[in-house]
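Chemist: Numbering (my numbering), first residue to last: 25 to 429. Structure below; questions to follow.
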């Protein structure tokens, strides 16, 4: 089996070429830093839109669709694919993308982000074409690794990434053809797809991390919950997506609430009370709980106007997606660079801040403070991810350490 860590022969050797720099030795390094920075810039621009400090080119994406797109794809998909392209090396024992091919992928990503900031009709069309090439490259690299290794357990990321890519293309084409309502609906469907991705990854790693980190004998849940939850989540996402176009006898509300309750049932087996002193654990448990709560709120929004659909949506995007990504990035950045899994204390503050912002964004609109909720939650996100960049940028550009394995 091939070594799944970065090449040890380069650890104490001078970098001879740009492609040998530590930053390009595994996909998580560049995707974590660039994805975090992209989210900060996107939130700063969103604050600008809200306060009329500046405007986007009106011929491109509308501000709401731009915000949704950049947070889901410029941020979420960037980090998710970087994580999976790193993890697949561990899953299969085969080397993943690095060096010059990774530089090319990163360069393509940077061009795409710049084009979306320009946001003219021409730049969005070109960005859409380049984004499809980016997705095809990600899927091709990942598929080559898992298929060559016959790693059937992880084949599921191939159709999952493919659906995510198709949804992004559909969102962009809808907006370019002036169907903003459909673009927003596709974006909301993408949030549910991210929920499925978080459930798969979180359902695997959180019990494992909890058992090892909290030194527990066993952290597991009944095996039946996994297929039941996957089927319920996939069906709920499909029904939600289809409901926009055709009338169905089954409301997605029941499936969303059922999926949320199944998530809570899984979480109940993971001994969350044993993680309170370990920030890299309680943050993951809190994020998984936010996913469950967000789905339940989404379902409940169909039955009462007191619960806006957007409240449940932002509990998922900020409290689940944002917090799980922030926590996972903190852990992976330490573990995959050979450092002790002991994050700086300020990261605990960042985790808590992000969760409080999710609660703020969900609750304040119900008492007529929508604009304030948008502003304060965006500012909190910026601070939390700026802390991550400040703490981990030196780690992610430095060579792997040999002192801890």
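We put the beta carbon where it would ideally sit given N, CA and C, even for glycine.
Measuring CB to CB, does residue 184 end up less than 9 Å from residue 217?
Modeler: One-based indexing of the chain shown puts residue 184 at position 160. One-based indexing of the chain shown puts residue 217 at position 193. In this structure, the beta-carbon distance from residue 184 to residue 217 falls below 9 Å.
Chemist: For a test of the three-state rule: what should DSSP assign to residue 364, helix, strand or coil?
Modeler: As a working mapping, residue 364 is identified with position 340 in the chain shown. If DSSP states are grouped into helix, strand and coil, residue 364 belongs with coil.
Chemist: Taking the CB atoms as reference points, tell me whether residue 151 and residue 196 lie closer together than 9 Å.
Modeler: Here the question's residue 151 lines up with position 127 in the chain shown. Here the question's residue 196 lines up with position 172 in the chain shown. If you check the CB distance, residue 151 and residue 196 come in under 9 Å.
Chemist: Do you know whose CA, among 319, 401, 168 and 330, lies nearest residue 279's CA?
Modeler: If you number the chain shown from 1, residue 279 lands on position 255. Minimum Cα distance to residue 279 is reached at 319.
Chemist: Find out if the Cβ-Cβ distance for the pair residue 403, residue 352 is shorter than 9 Å.
Modeler: Looking up residue 403 in the chain shown gives position 379. Looking up residue 352 in the chain shown gives position 328. Their beta carbons are not under 9 Å apart, which means residue 403 does not touch residue 352 by this criterion.
Chemist: Residues in its own chain within less than 7 Å of residue 333 by CB, not counting five upstream and five downstream?
Modeler: For the purposes of this step, residue 333 is taken as the residue at position 309 of the chain shown. Correct list, in chain order: 322 and 325.
Chemist: To the nearest angstrom, report how far apart residue 354 and residue 305 are at their CA atoms.
Modeler: Here residue 354 refers to the residue found at position 330 when the chain shown is read from its first residue. Here residue 305 refers to the residue found at position 281 when the chain shown is read from its first residue. Approximately 11 Å, taken between the alpha carbons.
Chemist: Excluding five sequence neighbours on each side, which residues of the same chain lie with their C-beta closer than 8 Å to the C-beta of residue 417?
Modeler: For the purposes of this step, residue 417 is taken as the residue at position 393 of the chain shown. For residue 417, where only same-chain residues beyond five positions count, the Cβ hits under 8 Å are 57.
Chemist: If you reduce the DSSP assignment to three classes, tell me which class residue 131 lands in.
Modeler: Along the chain shown, read from residue 1 onward, the residue named residue 131 stands at position 107. Helix, per DSSP.
Chemist: Any idea what DSSP makes of residue 243, helix, strand or coil?
Modeler: One-based indexing of the chain shown puts residue 243 at position 219. Looking at residue 243 - three-state DSSP - the assignment turns out to be coil, as it is neither helix nor strand.
Chemist: Give the secondary structure of residue 233 by DSSP, where H, G and I count as helix, E and B as strand, and everything else as coil.
Modeler: As a position in the chain shown, residue 233 is number 209, starting the count at 1. In the structure shown, residue 233 sits in a helix (DSSP, three-state: H, G or I).
Chemist: Drop a sphere of 10 angstroms on the beta-carbon of residue 367, count the other beta-carbons inside from all chains shown, and report buried for 16 or more, exposed for fewer.
Modeler: Within the chain shown, the letter at position 343 stands for residue 367. Residue 367 should be labelled buried.
Chemist: Taking contact to mean 3 or more Cβ pairs, one atom from each stretch, closer than 8 Å, check whether the region 245 to 258 and the region 133 to 140 are in contact.
Modeler: no
Chemist: Determine the DSSP secondary structure at residue 11, reduced to helix, strand or coil.
Modeler: Past the edges of the chain, shown from 25 to 429, lies residue 11, and the structure says nothing about it.
Chemist: By the three-class DSSP mapping on this structure, what secondary structure does residue 307 have?
Modeler: Against the chain shown, residue 307 aligns to sequence position 283. Note: residue 307 maps to helix in three-state DSSP.
Chemist: Does DSSP classify residue 171 as helix, strand or coil?
Modeler: On the chain shown, position 147 is the one that residue 171 refers to. Residue 171: helix per DSSP, three-state reduction.
Chemist: Please classify residue 112: is it buried, with 16 or more other beta-carbons within 10 angstroms of its beta-carbon, or exposed?
Modeler: The residue you call residue 112 lines up with position 88 of the chain shown. So residue 112 ends up on the buried side.
Chemist: How about residue 405 and residue 342: are their beta carbons less than 9 Å apart?
Modeler: Position 381 of the chain shown, counting from 1, holds the residue named residue 405. Position 318 of the chain shown, counting from 1, holds the residue named residue 342. Yes, these two residues count as a Cβ contact at 9 Å.
Chemist: Given that a residue counts as buried once 16 or more other Cβ atoms are within 10 Å of its Cβ, and exposed if not, what is residue 159?
Modeler: Locating residue 159 in the chain shown gives position 135, where the first residue counts as 1. Buried: at least 16 other Cβ atoms inside 10 Å.
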